[in-house]
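Sequence lines, in order, name chains A and B.
Under our numbering, residues -17 to 185 are what the first sequence spells out, in order.
Under our numbering, residues 111 to 217 are what the second sequence spells out, in order.
All C-beta atoms in this analysis are idealised placements derived from N, C-alpha and C, irrespective of residue type, glycine included.
Small disclaimer: the values here were computed from a predicted structure and weren't measured.
Inspection log for the structure reproduced underneath, given as structure tokens.
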Amino acid sequence: MHASRCHGGRGIQRRSPLLRTPHVTDAELVAVAQGGDRAAFGELVERYGPAARRVARAVLRHPEDADDAAQDGFFSAWRHLDSYDPRRPFGPWLLRIVVNAAQDLRRRRAVRETDPLSPALSAGSISPEAVAEREELRGRMGNALAELPERQRLAVVLFDAEGFSHAEIAELLEIPVGTVRSDVFHARRALRSRLGPNARGGS
Amino acid sequence: MSHEPHPFDQAPDPEIRALLLRQLDGPAPERFVRQVIAGLPDRPAANSWEILARWARPGLAAAAITAVALGAWLATPRSSEPVAEPLLELGRMADSELLMTAMIREP
């Protein structure tokens, strides 16, 4: 996993003595949070919040529904911290809960199907043409993602955006490793064919 | 996008990663964190001994497995006779038989 897997101690200066220690591991934070320490759990929310929101958005296209699901996932993880097995990595355990929360939310209510994802683009020094081009690419990417079967969408997000291995994704999604490999391959191929040769991820 | 995906790619694709992050990243991450922490329901604080016991359990299980394996290894009867002795004896017998056979067949 990339940034979201980092165990750095950003923003922990005003918290309990353990949290002031640099490089506190997820397992150590969970151990403290299991005693009811909200600050320790808050550090885990900081570390995994972005990944949880992205994964929820891979299930639910509407950003507000996805944020609700990610939040529900964190609440559920907080309530069930006692069932976390400290020998296993925390990230996949948490994201499994987030995926379940997103799927539950979709079942419980008719979630919005549109994809108005449009975080304010800071126009600043970017020309109107560049903004328009970026928006157009975002639209195409949104459509390409929406056309993928949900399992492929989750697999490619977990592999390419979150940096999990095929084996970790297999465990998280409870499917064979070969299926994950195939899902990532097909999802990437579909995205590339929909986005065309000129699409670039850089800003 | 120039790179052709391969079923055995082991590393994340940087171009697809950048596009996915741009597409899926939510705005105002700090606000999201604040909302989650503020909304955390009450959670009964677990007894410290229970937490300690839960974390010690894997260690105790590993120690028990090691002890059982060590006990089984120590309990296995082992012969004091070196393995080399019977093998050397066998070799000597075979040599003499071969030598006799060769001498008899020799005109």
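For residue j and residue i, the rounded distance between their alpha carbons
i: valine 139 of chain A; j: tryptophan 183 of chain B; result: 48 Å
i: glutamate 10 of chain A; j: alanine 172 of chain B; result: 20 Å
i: isoleucine 175 of chain B; j: threonine 186 of chain B; result: 17 Å
i: glycine 55 of chain A; j: alanine 13 of chain A; result: 19 Å
i: alanine 143 of chain A; j: alanine 137 of chain A; result: 10 Å
i: isoleucine 126 of chain B; j: glycine 169 of chain B; result: 41 Å
i: alanine 84 of chain A; j: leucine 155 of chain A; result: 13 Å
i: isoleucine 214 of chain B; j: alanine 194 of chain B; result: 31 Å
i: arginine 174 of chain A; j: alanine 48 of chain A; result: 25 Å
i: phenylalanine 142 of chain B; j: methionine 123 of chain A; result: 24 Å
i: alanine 128 of chain B; j: glycine 181 of chain B; result: 55 Å
i: arginine 69 of chain A; j: glutamine 53 of chain A; result: 25 Å
i: glutamate 186 of chain A; j: leucine 177 of chain A; result: Since the first and last residues shown for chain A are -17 and 185, residue 186 of chain A lies out of range.
i: proline 74 of chain A; j: threonine 161 of chain A; result: 17 Å
i: tyrosine 66 of chain A; j: phenylalanine 72 of chain A; result: 8 Å
i: proline 137 of chain B; j: proline 122 of chain B; result: 24 Å
i: phenylalanine 146 of chain A; j: aspartate 19 of chain A; result: 28 Å
i: leucine 150 of chain B; j: glycine 121 of chain A; result: 35 Å
i: aspartate 135 of chain B; j: alanine 177 of chain B; result: 50 Å
i: glutamate 25 of chain A; j: glycine 31 of chain A; result: 10 Å
i: leucine 131 of chain B; j: aspartate 86 of chain A; result: 24 Å
i: valine 146 of chain B; j: aspartate 8 of chain A; result: 18 Å
i: leucine 130 of chain A; j: alanine 172 of chain A; result: 8 Å
i: proline 124 of chain B; j: alanine 179 of chain B; result: 47 Å
i: glutamine 120 of chain B; j: arginine 144 of chain B; result: 36 Å
i: alanine 166 of chain B; j: arginine 153 of chain B; result: 22 Å
Neighbourhood of residue i by C-beta, 8 Å cutoff - its chain only, sequence neighbours within 5 removed
i: proline 158 of chain A; result: Ala152
i: proline 139 of chain B; result: none
i: leucine 103 of chain A; result: For leucine 103 of chain A, the predicted structure reports a pLDDT of 43, less than 50, and the residue's modelled location is therefore unreliable. A value from the coordinates is still provided. For leucine 103 of chain A, where only same-chain residues beyond five positions count, the Cβ hits under 8 Å are Val113, Arg116, Glu117.
i: alanine -15 of chain A; result: Reliability fails at alanine -15 of chain A, whose pLDDT of 42 lies under 50, so the model's placement of it is uncertain and no value is given.
Contact set for residue i: own chain, Cβ-Cβ below 7 Å, skip 5 residues either direction
i: glutamine 134 of chain A; result: Asp165, His168, Ala169
i: leucine 77 of chain A; result: Ala33, Ala34, Val37, Leu154
i: leucine 63 of chain A; result: Val12, Ala15, Gln16
i: isoleucine 79 of chain A; result: Gly55, Ser58, Ala59
i: phenylalanine 23 of chain A; result: Ala15, Trp60
Own chain residues within Cβ distance below 6 Å of residue i, not counting five before or after
i: alanine 149 of chain A; result: Val159
Positions along the segment 124 to 135 of chain B whose CB lies within less than 9 Å of some CB in chain A: Pro124, Glu125, Ile126, Arg127, Ala128, Leu129, Leu130, Leu131, Arg132, Gln133, Leu134, Asp135
Going along the chain, which unbroken runs of the beta strand (DSSP E) with 3 or more residues stay wholly within the segment 101 to 149 of chain A? none
Contact residues within the segment 164 to 176 of chain A, judged by C-beta distance below 8 Å to chain B: Ser164, Val166, Phe167, Arg170, Arg171, Leu173, Arg174
Using a Cβ-Cβ cut-off of less than 7 Å, list which residues of the segment 62 to 90 of chain A approach chain B; keep chain order. Asp64, Pro68, Arg69
If the cut-off is 8 Å on Cβ atoms, which residues from the segment 134 to 150 of chain B count as contacting chain A, listed in chain order? Leu134, Asp135, Gly136, Pro137, Pro139, Phe142, Val143, Gln145, Val146, Ile147, Gly149, Leu150
What are the residues in the segment 8 to 41 of chain A lying within 8 Å of chain B by C-beta distance? Ala13, Gln16, Gly17, Gly18, Arg20, Phe23, Gly24, Val27, Glu28, Gly31, Pro32, Arg35, Arg36, Arg39, Ala40
Which residues of the segment 122 to 135 of chain A have a Cβ closer than 8 Å to any Cβ of chain B? Give them in chain order. Met123, Gly124, Leu127
The segment 167 to 182 of chain B: positions lying closer than 8 Å to chain A by Cβ: Pro168
Segments of 4+ residues assigned as alpha helix (DSSP H) that fall wholly inside the segment 0 to 63 of chain A: 8 to 15, 20 to 41, 45 to 61
Residues of the segment 150 to 165 of chain A in Cβ contact with chain B at a cutoff of 8 Å, in chain order, please. Arg163, Ser164
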